[in-house]
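For the record, the sequence lines run as chains E and D.
The opening position of the first sequence corresponds to residue 1 in this note's numbering, with each subsequent residue numbered one higher.
The opening position of the second sequence corresponds to residue 671 in this note's numbering, with each subsequent residue numbered one higher.
By construction, the Cβ of each residue, glycine as well, lies at the ideal position given by its N, Cα and C atoms.
Beneath this line is the structure, given in structure tokens, with notes to follow.
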Amino acid sequence: MTDVDIDRLPDGPRIKPKLSRDDVLMRSGMAIIAVYLVVTLALPLYAMLSKSFSTYRFDLTQYELQASDENGAFNDQVFTAAQLNDKLQKFSDLDLSTAADGRLAPSKFFPDFSFRSPVNYRIRNVSEGGRLLVGSTLKTTTDWLELDSNTFRRVQLRPVESTGLDNFKRYFSTPALFNSIKNSLFIALVSTVVTVSLAFWFAYALNRSCMRFKGVFRLVAMAPILVPSLLPGIALVYLFGNQGMIKELLFGASIYGPIGILIGSVFFTFPHAFLIISTALAISDARLYEAATSLRATPWRTFWTVTIPGARYGLISSAIVVFNLVITDFGLPKVIGGQYNVLALDIYKHVIGQQNFQMGAVVSVVLLIPAVFAFAIDRYVQSKQVAQLSARSVAYQPKPNPKADRISLLYCALVGIFIVGILAVCQLAALVKFWPYDMSLSLNNYQFEKMDGGGWGAYYNSIKLGLATAVVGTSVVFFGAYLVEKTTGFRTGRAIFQMFAMLPMAVPGMVLGLAYIFFFNNPSNPFNAIYGTMAILVICSVTHFYTVSHLTAVTALKQMDKEFESVSASLKQPTMKLFARVTVPVSLPAILDISIYLFVNAMTTVSAVVFLASPKTSLASVAVLNMDDAGDIAPAAAMGMMIFYTNAFARIIHLVASKGILKRTQAWKG
Amino acid sequence: MTNGATAKDVYLSIENLWKAFGDFLALKDISLDIIDGEFVCFLGPSGCGKTTLLRAIAGLDLQTRGTVTQGGKDISNLPPSERDFGIVFQSYALFPNLTIEKNVAFGLENTGRSKSEIKTRVADLLELVGLPDQGSKYPAQLSGGQQQRIALARAIATHPGLLLLDEPLSALDAKVRVHLRHEIKELQRKLSVTTVMVTHDQEEALALADRIVVMKDGRIVQVGTPTEIYREPANLFVADFIGEMNQIPATSAGPNALNIGGATMTCRTHGFQENAPLVAAIRPEDIIPLGDGDAATETTENAFAVSMHEMEFLGSFWRCRLASERFADRELIADFSINAVRRLEITKGGTLNIELPASRLMAFAQDGE
Ligand SMILES: Nc1ncnc2c1ncn2[C@@H]1O[C@H](COP(=O)(O)OP(=O)(O)OP(=O)(O)O)[C@@H](O)[C@H]1O
Ligand SMILES: [Mg+2]
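Written out as structure tokens, the structure is:
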């Protein structure tokens, strides 16, 4: 027909867009934030990963030894340490892998060694640069050293570093490990089942009944989010511990162990599950219920054919979140776990207790596995739920039903008493002079200066951290989300950025904290200077809570007309003017939500910062842990409640500010 | 303007434009010249690439191949901010948190204009779009039609050389749409700004455009004035897409003859070979009623008897459904004037003779190309 084949793009170069100043600006901005995420997330994780694979081994082939006779005369028989070990079968392969500071005395290769014997010994490195200690002097040359037995006693072999799976082999051959895995899974699974069931019925009562005081119960349900996860542990000690108020209720069972961890886990994960399920129930379609009623389905049948399928993504999602929270939490097991070991606590013990960072890294990697799994499932479920949401549905309006409403109220009251009760016990414990002997009230427990943990300074540090995390985090996150949403072209770059923004959610806080040690506490790292400062705590917190904030920002930005940028460009106005004058003001509610989320979480988090807080930057949440550890349980409770009141206060400010903004936006909305 | 070469009057020139989304070709070898001050409509079914072409002209979504020249300057790879155009979207895209005044003033800021100059210009613009005292309101407080006018005012505030409109009226209800469409035309004439509007509403295109660009599957099918497009559709697709068109299976019977149901009829000259299967097409208003037993039938070309199946009174004319054994089951739609119906005493159920005037009877290939 014509000379061009109309269904094939003719060959030739693609049009190369000339970038505008704004394009360059936005791409650079995105690159900067991407680099930020690489430095604060990818590189630390990489450092940790490589640490977990970096092994230290005694290389016995690298040493040669000779022993003299009783008269100190040597024959010409030379053995390598490896040959001696083979002969004696002294150390197994596993024994030879060790930590960075491992030492091995070569005298062990001579069964009749005695430091008093007149026998002399010769030892040397087989090659230059060997690792051989005499006393505390390192000998690296291949020269023979001739030593009397008393000196030979003080000779130590040093391990060489290499890469391999030794750490994992050693880890998986510890019998205690499987116990930890078993315990972790058990606690996480049971907590998940209990929390999700409790939260489901709670959300169901609030969404589907006409009971009274719904607003109050909503507030109560969210209260646990305002305190560190280990605080319920302290309350449980006061309630059911050795001198507990109502320990008889346990019929002799001990609260120190799985029972305590379980109850505490239910407490601190409840709001997370409630929020997700409540959303799922709120978006389910009323028309389905009308259809069910018109088909004369029994309430029971309706429940199973309409309610549960409608909320299934919410249920799955909340189960995953709870499971993840519990399996990565170490505060509760620390406070109330007794001898009951779990994976998260293993990391803490390896690092804080034994200073064995390799092993800490290894457990971290193990702990990453369920977290990454959960993350993948959650992403999948979320995408399904979005599809469900976009269908045009009608909100369900419950009808009064006196009997059901009364049962709902009773149930919610029970859950509410549990939550408020735990907090009240903590507050009471904080105010009582000396439980249970002197129950008079005093403020003694608030004299934090007298305890370990950093005193009131820790509290002020926490507020500083919360504010800095909120300000820095909100700016970085919102700006990053804006750039990635509104930059045109540059597809690959944006996809990579999105991936980086999702990653933090898959990384448990403690793993992140440990990764920061490996990465930043390295003298050759140019960012080494921030180690031990407030800056690293802020960065760690921002990164730890990046994903949820990012998603909130993206959701808000997606609701904005996508042509604003086009209009602004056609009017030759800089994109940053549009950003400041339109995007930010219109997104203020979301920006406030992100700030309060970051503030509250920075105030309560223990896991992400426990390895990073230095004496100068001690934090309230970590102080709760340390004071409890030191036996100052009442002050720990007092500090925990200080965090609670601070967060509650912050939430009130947030509420007032949101109301104000709403009023202003109402003006635009006519 | 002098009577110089037309090339000189071309303001916007598009040459061999292609756009690929992955393997999918949304624009295929588009070439088009738009004259200075002209109002051009891109018309076509959903997904044919109208918006894609408009966004390429604006630089919002760069084409894969091809050049765009505006006012003699090659702008093919320039970002939107370095081009010269104002744009109005279907969603209006007014900034919700800024007042009407501030919305309109948005593009005037940072352009070296003083505050009072901006104020005057904004007032003039609001006057121009007929909303002089709404300046302090927020967009959400205005009706859809009013918002659209504000979007228009904002787009023309900086005197752009080119105005781009992407379905600006489609979110409005029918009455407002017709009203606003006149205003847009008026405004465009007053400002004599070269304008490109995307629409899938043929009526809108016919009413507004100096020239219509009909598109299909990423290609331009026909370019012409509304009357050209209507009277001389280039193919069956255009004929069918714009206005109403009767379609009757036929075969070619010579350079200007058709065979319909066994009878030979004269038609407009076509280039098809004898016996090639074709589609004969005629617009309802082109069918001429001759009445019952009209003596002229014998001598009139293309005249034959039909029976009146259905008559519907549409106010200014009668829409009639005619049947004849020539078209088997197919009915012919004809629009007869009230006058003719009365004069010829045409009634439902009766028979009458009609003429398909040779000058209005067209022949098209079957596949629409
Ligand atoms: N970003 C994109 N990625 C992939 N395909 C696209 C994209 N944008 C448009 N298309 C495809 O290109 C074709 C033309 O789209 P375009 O929006 O130009 O159609 P249109 O003529 O404006 O239709 P409508 O009248 O529905 O607005 C469509 O098939 C569309 O699916
Ligand atoms: Mg379109």
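Quick check: what's the CA-CA separation for A391 (chain E) versus P400 (chain E)? Any reading at A391 (chain E) needs caution, since the residue's pLDDT is 44, under 50, leaving its predicted position unreliable; the model's value is listed next. Taking the straight line from one Cα to the other gives about 28 Å.
Name the chain E residues that come within less than 8 Å of L857 (chain D), Cβ to Cβ? None at all; the shortest Cβ gap to chain E is about 18 Å.
Restricting to Cα atoms, I'd like to know which of E:D76, E:R103, E:R116 is closest to R122 (chain E). R122 (chain E) has its Cα closest to that of E:D76, out of E:D76, E:R103, E:R116.
Proximal residues to V792 (chain D) (C-beta, below 6 Å), its chain only, five neighbours per side dropped: E771, V774, A775
Is there a Cβ of chain D sitting closer than 9 Å to that of P17 (chain E), yes or no? The beta carbon of P17 (chain E) falls within 9 Å of a beta carbon belonging to chain D, placing the residue at that interface.
Residues within the segment 18 to 31 of chain E neighbouring chain D, beta-carbon criterion of under 9 Å: Of all residues in the segment 18 to 31 of chain E, K18, L19, S20, R21, D22, D23 have a Cβ within less than 9 Å of some Cβ in chain D.
Can D628 (chain E) and G233 (chain E) be called in contact, C-beta distance under 9 Å? Judged by beta-carbon spacing, G233 (chain E) lies within the 9 Å limit of D628 (chain E), meaning their Cβ atoms are closer than that value.
Between Q733 (chain D) and chain E, is the shortest Cβ-Cβ distance under 9 Å, so that the two count as touching? yes
Could you name the residues of the segment 653 to 670 of chain E whose beta carbon sits closer than 8 Å to any beta carbon of chain D, in the order they occur along the chain? T665, A667, W668, K669, G670
Express the C-alpha separation of L748 (chain D) and H654 (chain E) in angstroms, rounding to a whole number. If you take the alpha carbons of H654 (chain E) and L748 (chain D), they lie about 44 Å apart.
Identify the continuous beta strand (DSSP E) that holds W300 (chain E) and give its terminal residues. Per DSSP, W300 (chain E) belongs to no beta strand (DSSP E); it is in the alpha helix (DSSP H), 299 to 302.
For the beta strand (DSSP E) that contains H849 (chain D), what are its first and last residues? Run containing H849 (chain D): none in the beta strand (DSSP E); it sits in the alpha helix (DSSP H), 844 to 861.
Taking P589 (chain E) as the reference, give the member of E:L662, E:Y171, E:V622 with the closest Cα. E:L662
Whether L724 (chain D) touches V868 (chain D) by CB criterion (9 Å): yes
Name, please, each residue of chain E whose Cβ falls closer than 7 Å to the Cβ of T828 (chain D). L571
Using 8 Å as the cut-off, can you tell me whether the segment 363 to 381 of chain E makes contact with the segment 47 to 64 of chain E, which would need three or more C-beta pairs spanning the two stretches below that distance? Contact between the segment 363 to 381 of chain E and the segment 47 to 64 of chain E is present, because at least three Cβ pairs lie under 8 Å.
Within the continuous beta strand (DSSP E) that includes M1032 (chain D), where are the two ends? Residues 1032 to 1035.
Is there a Cβ of chain D sitting closer than 9 Å to that of P309 (chain E), yes or no? no
I think L84 (chain E) touches F109 (chain E), with their Cβ atoms under 8 Å apart; what is that distance to the nearest whole Å? Contact flag correct, Cβ pair sits at about 4 Å.
Are the beta-carbon atoms belonging to M603 (chain E) and S621 (chain E) less than 9 Å from one another? yes
Taking only beta-carbon positions, decide if D561 (chain E) is within less than 9 Å of chain D. yes
For chain D, is any of its Cβ atoms less than 9 Å away from the one on L226 (chain E)? Not one chain D Cβ lies under 9 Å of L226 (chain E).
At a Cβ threshold of 9 Å, is T492 (chain E) touching chain D? no
Looking at C-alpha atoms only, which residue of D:K698, D:S977, D:P925 is the closest neighbour of R1000 (chain D)? D:S977
Extent of the continuous alpha helix (DSSP H) run through F671 (chain E): The shown model of chain E, from 1 to 670, leaves out residue 671 (chain E), and the question about it has no answer.
Does ligand 1 have a heavy atom nearer than 8 Å to the CB of K51 (chain E)? no
Give the residues of chain E in contact with N747 (chain D), contact being defined as C-beta atoms less than 8 Å apart. Residues of chain E passing the Cβ test: I15, K16, P17, K18.
Closer than 9 Å between beta carbons: that is the criterion. Which residues of the segment 518 to 532 of chain E meet it against chain D? none
Limits of the unbroken beta strand (DSSP E) element including C718 (chain D): No beta strand (DSSP E) holds C718 (chain D); DSSP gives it neither H nor E.
DSSP state of W456 (chain E) mapped onto helix, strand, coil: helix
What I want to know is whether the C-beta of F694 (chain D) ends up closer than 8 Å to one or more non-hydrogen atoms of ligand 1. Yes, the Cβ of F694 (chain D) comes within 8 Å of a heavy atom of ligand 1.
Measuring only between beta-carbons, confirm whether L9 (chain E) sits less than 9 Å from chain D. yes
Would you mind sorting T721 (chain D) into buried or exposed? The rule is 16 or more other CB atoms within 10 Å of its CB. buried
At 8 Å on the CB atoms, spell out the chain D contacts of S587 (chain E), in chain order. Neighbours of S587 (chain E) on chain D: none; closest Cβ ~10 Å, over 8 Å.
Neighbourhood of D699 (chain D) by C-beta distance below 6 Å, restricted to the same chain and skipping five residues each side: N686
Secondary structure at E980 (chain D), three-state DSSP: helix, strand or coil? strand
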